[in-house]
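The numbers in the UniProt record's numbering rise by one with no breaks, and the one at position 170 of the sequence shown is 170.
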Amino acid sequence: MASTNNDINVLYGSPLFDNLINESATPCDFVVQGHQYNMGYYLSDGIYPSYATLIQIISQPTSIKEKLFAERQEAMRKDVEQAFGVLQSWWHIVKGSTHMWNAKDHRKIMKICIILHNIIIESKYHQGINPESCKPHTDEMVDQVDIEHDYTFLVSKMINRMKQVRDTGRHNDLKMDLTNHLWDNYGGQQT
């Protein structure tokens, strides 16, 4: 059935990249292997398109660098699954289907569950750390982010930004840079 809600159809209809396209997303500038990137990315599996913002696992790695990348990404995926498993075991409300829920309510419930989980962890494993010592040094402070609320964006600007999000070349560059970065930092630890 062509109109089924599989992951790809849901992605195309979702507001996931709206803030990037509207340029209202919090800036996410970073450098990997000497190359500057200005959009964050999500780790995904191989069914998703090769967007600059979606980095898939390498399903059939051909080099030891690619194998390390695939192993590390799989480990991250398992960490996320484990974190949601913990939330589901504590609060069964996040375990079932939520298709009929209001999206804002769903986000609020998930945030509350995460906050409650963190409170439980802190109370169980309180180590007496002074919260003031956890504040960043003044030279590490992030500049205040001013988000524009001007919704009269030019169509050409939005189309250009959409092209940047869906840029396959940028996707390939980032994937290669991430693979090389992992290898440079952890490749010597392979047995």
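Glycine residues also receive a C-beta, built at the ideal position from the N, C-alpha and C atoms.
Next on the checklist: Quick check on residue 259: buried or exposed, where buried means 16 or more other Cβ atoms within 10 Å of its Cβ?
Outcome noted: Outside the shown range of the chain, which is 1 to 191, sits residue 259, and nothing can be said about it.
Checklist entry - What's the call for Phe-17, buried or exposed, on a 16-neighbour Cβ count within 10 Å? => result buried
Item to check | Rounded separation between Val-31 and Pro-61 - CA only | outcome: 24 Å
Next on the checklist: Among the candidates Leu-54, His-35 and Tyr-12, whose CA atom is the shortest distance from the CA of Asp-167?
Outcome noted: Leu-54
Checklist entry - What are the start and end residues of the alpha helix (DSSP H) that includes Ser-89? => result From DSSP, the alpha helix (DSSP H) with Ser-89 extends over 64-90.
Item to check | Residue closest to Val-86, alpha-carbon to alpha-carbon, out of Ile-115, Arg-107 and Lys-104 | outcome: Ile-115
Item to check | Assigned secondary structure, Gln-36 (DSSP; H/G/I helix, E/B strand, else coil) | outcome: strand
Checklist entry - If we ignore side chains and look at the alpha-carbon of each, how far apart do Asp-45 and Arg-72 end up? => result Whole-angstrom Cα-Cα distance: 13 Å.
Item to check | Top-ranked residue by Cα proximity to Pro-15, from Gln-189, His-171, Asn-172 and Val-165 | outcome: For the set Gln-189, His-171, Asn-172 and Val-165, the Cα lying nearest the Cα of Pro-15 is the one of Val-165.
Checklist entry - Using the C-alpha atoms, what's the distance from Leu-20 back to Asn-160? => result 11 Å
Checklist entry - Name the DSSP beta bridge partners of Ser-44, please? => result Answer is Gln-56.
Checklist entry - Would you call Glu-66 buried or exposed, if buried means 16 or more other Cβ atoms sit within 10 Å of its Cβ? => result It counts as buried.
Item to check | Beta-carbon spacing of Leu-178, Leu-68 below 8 Å | outcome: For the pair Leu-178 and Leu-68, the CB atoms are not nearer than the 8 Å cut-off.
Item to check | CB contact flag (Leu-11, Tyr-48, <8 Å) | outcome: Their beta carbons are under 8 Å apart, which means Leu-11 touches Tyr-48 by this criterion.
Next on the checklist: As an exercise, report each continuous alpha helix (DSSP H) stretch of at least 4 residues that is fully enclosed by the segment 154-184, in chain order.
Outcome noted: 155-165
Checklist entry - Roughly how many angstroms separate the alpha carbons of His-171 and Glu-23, rounded to a whole number? => result 19 Å
Next on the checklist: Tell me which residues share the same chain as Met-158 and place their Cβ nearer than 6 Å to its Cβ, disregarding the 5 neighbours each side in the sequence.
Outcome noted: Taking Met-158 as the centre and dropping the five residues before and after it, the same chain places the C-beta of Ile-21 closer than 6 Å to its C-beta, in chain order.
Item to check | Identity of the residues DSSP links to Phe-30 by a beta bridge | outcome: Tyr-37
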